[in-house]
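*Asks:* Okay, here's the structure, questions in a sec.
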Amino acid sequence: DIQMTQSPSSLSASVGDRVTITCQASQDISNFLNWYQQKPGRAPKLLIYDASDLETGVPSRFSGGGSGTDFTFTISSLQPEDVATYYCQHYDNLPPLTFGGGTKVVIE
Amino acid sequence: QVQLVQSGPEVKKPGASVKVSCKASGYNFTGYYIHWVRQAPGQGLEWMGRINPNGGGTNYAQKFQGRVTMTRDTSISTAYMELNRLRSDDTVVYYCARGTPVATILDYWGQGTLITASS
Chain A
958 DIQMTQSPSS
968 LSASVGDRVT
978 ITCQASQDIS
988 NFLNWYQQKP
998 GRAPKLLIYD
1008 ASDLETGVPS
1018 RFSGGGSGTD
1028 FTFTISSLQP
1038 EDVATYYCQH
1048 YDNLPPLTFG
1058 GGTKVVIE
Chain B
12 QVQLVQSGPE
22 VKKPGASVKV
32 SCKASGYNFT
42 GYYIHWVRQA
52 PGQGLEWMGR
62 INPNGGGTNY
72 AQKFQGRVTM
82 TRDTSISTAY
92 MELNRLRSDD
102 TVVYYCARGT
112 PVATILDYWG
122 QGTLITASS
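Order-wise, the sequence lines are chains A and B. Read in order, the letters of the first sequence are residues 958 to 1065 in this note's numbering. Read in order, the letters of the second sequence are residues 12 to 130 in this note's numbering.
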């Protein structure tokens, strides 16, 4: 099974800061990676698919990159409404589908 | 608009079974997989399996093999997840999510259903 290692597990940043989260796959998954945002008490929401494509309606301050085994997720200017936990998820060679462990983002 | 509406919270005794429903609307139900993902309090997301409503084919995570059954009723655009032999650590929120057929992108999610397994 493909394992997804996400880091950091939590971070604290100021409004307006640039925030970057990384996700590493245990083997090459090409660009078969998605990113989700989950706010407390809510279902996850798709933000980025195919590693770098922005889902319709998602603000452009969110972006993704990478391919193979190393991926990044960036918030270019952190906003108060971005407080959430972010997860990566691969979809290469299913099943199983696996998620990263999550990164909790809070405002300083 | 696409919607997935799940059944309400339930309390079950350990050893019992529970069946959660996920009613889809706003799209062609047989054109997309339904995935089931669960989340323990304060923990991450755990994939349980998926069903292809077109034909009913399923894939389950190894951890749940033999204990979970996913079914669907295309006449009412509803998918079901039944979990047997409940344990206390099955007390989590269960989500259904629509999965695109080629690239597994979970683009719409249900609101979640809390199942509590407690004596």
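We put the beta carbon where it would ideally sit given N, CA and C, even for glycine. Every value quoted in this text rests on a predicted model; they were computed, and no experiment measured them.
1) Checking contacts by CB at 8 Å: is Tyr1043/A closer than that to chain B?
2) Counting Cβ pairs closer than 8 Å, one from the region 1021 to 1041 of chain A and one from the region 986 to 1004 of chain A, do we hit at least three?
3) Is Trp47/B close to chain A, meaning its C-beta is less than 8 Å from at least one C-beta of that chain?
4) Verify whether the separation of the beta carbon atoms of Ser1017/A and Arg975/A is less than 8 Å.
5) Please report the residue range of the beta strand (DSSP E) in which Phe75/B lies.
6) Could you pull the DSSP bridge partners for Val976/A from this structure?
7) Taking the alpha carbon of Asp100/B as the reference point, which residue from Asp118/B, Pro25/B, Ile62/B, Met92/B has its own alpha carbon closest?
8) Beta-carbon separation of Val103/B and Arg49/B under 8 Å?
9) Using 8 Å for Cβ pairs, my map puts Ser36/B next to Ser86/B. What's the rounded Cβ distance?
10) First and last residue of the beta strand (DSSP E) that includes Asp118/B?
11) What are the residues in the region 96 to 114 of chain B lying within 7 Å of chain A by C-beta distance?
*Replies:* Reading it off the structure:
1) Residue numbering aside, residue 1043/A sits at position 86 when the first sequence is read from its first letter. Tyr1043/A does not count as touching chain B.
2) yes
3) To locate residue 47/B, count along the second sequence from 1; it is residue 36. So, not an interface residue.
4) By one-based count along the first sequence, residue 1017/A stands at place 60. By one-based count along the first sequence, residue 975/A stands at place 18. No. Outside cutoff.
5) Numbered from its first residue, the second sequence carries residue 75/B at position 64. Note, Phe75/B: premise wrong, no beta strand (DSSP E); not H, not E.
6) The sequence position of residue 976/A within the first sequence is 19, counting from 1. In the DSSP output, where bridge partners are listed per residue, Val976/A has Ile1032/A.
7) In the second sequence, counting from the first residue as 1, residue 100/B sits at position 89. Here the closest residue by C-alpha is Pro25/B.
8) Numbered from 1 along the second sequence, position 92 holds the residue referred to as residue 103/B. Numbered from 1 along the second sequence, position 38 holds the residue referred to as residue 49/B. Cβ distance < 8 Å, so Val103/B and Arg49/B count as in contact.
9) On the second sequence, position 25 is the one that residue 36/B refers to. On the second sequence, position 75 is the one that residue 86/B refers to. The pair is not a contact, with the Cβ atoms about 14 Å apart (cut-off 8 Å).
10) Indexing the second sequence from 1 puts residue 118/B at position 107. Taken as a continuous stretch (DSSP letters only), the beta strand (DSSP E) holding Asp118/B covers 117 to 120.
11) Tyr106, Ala114
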